[in-house]
Amino acid sequence: MKRKQEKERYDKLPFKTLDRQFQQEAIDGLSCSPLEAKALTEIVKEVF
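Going by my numbering, the final residue of the sequence shown carries number 60, and the count climbs one at a time with no gaps.
Put into C-alpha cells, the structure is as follows:
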C-alpha cells in the first residue's frame with residue numbers, strides 16, 4: 013500500500029511542478045498576488 017502511495021506522489025510531481033512554475037510566472041510577469049496566480053492556474057487548467 014505504501015509503495016502505491018509513493019508512486020502516486022511521484023506521478024503527480026511533474027504536474028505540481030508545472031503548476032508552481034506557471035504560478036511563479038504569473039507572479040513575476042503579471043505582478044499577480046500568490047492568491048491571484050493560484051486562481052489563474054485553476055482557471056487555465058479548466059480551460060485546457
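The C-beta atom is built at its ideal place from N, Cα and C for all residues, glycine as well.
query = Among the residues of its own chain, which have a CB less than 7 Å from the CB of T53, if the five just before and after it don't count?
reply = Within the sequence shown, residue 53 is the residue found at index 41, counting from 1. Same-chain partners within the cutoff: D31, F34 and Q35.
ask   = Considering only residues of the same chain and omitting the five flanking positions on each side of V56, which have a CB-CB separation below 8 Å?
value = Here residue 56 is taken as the residue at index 44 of the sequence shown, counted from 1. So the qualifying residues of the chain are F34.
inquiry  = At the level of alpha carbons, what is the spacing between S43 and T29?
reply    = Working through the sequence shown from its first residue, we reach residue 43 at position 31. Working through the sequence shown from its first residue, we reach residue 29 at position 17. Using only the alpha carbons, I get a separation of about 20 Å.
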